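Asks: Sharing a structure with you now.
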């Protein structure tokens, strides 16, 4: 089956760059489903280029908003993400671009990548998912020890570059409840907005 790199959800255009991720979140949609509204997001391979994404993108009409979010961590394909975002900004300058991320990119690339994305990305939505290390680790199951601190550092890096950033948490997964006030306090202290995503079994 051909890789689905661009898909529609609730009238918005989403870009599915990779299935790789540095987390193994216990609530992740892909643990229970192979598709989003019939669109299969498991990729046959990880070889897709920016040109491949742009080819699929041009079959849609990116008018209002494009979101980098699929069955993996989009920032793991940073160069492709940047090239596609630049294409969108050049061709559709009124279109808002958002990246949904786990906030691990600076750890992965061993540098602060946020300045490279200024002017390309209008907003980051970063998965905070916990008011403590223990909460975060239980829900997000990260693949490296420093993950929670890296998330907070990434949020602050976005704020420092004056890029709109939202710290999000998933609340209510199978009866688990976070300290939402503490999560909000952390978000605000890092210069971010705060969003609670109520857990929905099918993810959307």
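Residue numbers (my numbering): 146 to 349.
Every residue, glycine too, gets a C-beta built ideally from N, C-alpha and C.
Predicted, not measured: the structure shown is a model, and the values here were computed from it.
1. Going residue by residue through the region 201-276, where are the continuous beta strand (DSSP E) segments of at least 3 residues, counting only ones entirely within it?
2. Cutting at 6 Å between CB atoms, please list the residues of its own chain near residue 195, excluding the five before and the five after it.
3. Residue 156: buried (16+ other C-beta within 10 angstroms of its C-beta) or exposed?
4. Given a cut-off of 8 Å, decide if residue 248 and residue 300 are closer than it, judged by their beta-carbon atoms.
5. Rounded to a whole number of angstroms, what is the C-alpha to C-alpha distance between residue 274 and residue 294?
6. In angstroms with no decimal places, state the Cα-to-Cα distance between residue 258 and residue 161.
7. For the alpha helix (DSSP H) holding residue 278, just list the boundary residues, first then last.
8. Provide the residue span of the alpha helix (DSSP H) that contains residue 333, from first to last.
9. If you follow the beta strand (DSSP E) that residue 107 is part of, which residue opens it and which one closes it?
10. Let me check understanding here. Comparing Cα to Cα, which of 189, 246, 201 lies closest to residue 152?
11. Nearest CA to the CA of residue 188: which residue from 164, 342, 171, 319?
12. For residue 171 and residue 261, what's the separation of their Cα atoms in angstroms?
13. Which of helix, strand or coil does DSSP assign to residue 312?
14. Name the one or two DSSP bridge partners that residue 157 has.
15. In chain order, what residues of the same chain lie with their CB nearer than 8 Å to the CB of residue 281, ignoring the 5 residues before and after it?
16. Could you please give the first and the last residue of the uninterrupted beta strand (DSSP E) stretch that includes residue 343?
17. With a 10 Å radius around its C-beta and 16 neighbouring C-beta atoms as the bar for buried, classify residue 203 as buried or exposed.
Replies: In short, the structure shows the following:
1. 210-213, 241-246, 268-272
2. 225, 228, 229
3. exposed
4. yes
5. 12 Å
6. 20 Å
7. 278-285
8. 325-334
9. Here the chain has residues from 146 to 349 only, and residue 107 is not among them.
10. 201
11. 164
12. 31 Å
13. strand
14. 154
15. 273, 274, 275, 287, 292, 293, 296
16. 338-343
17. exposed
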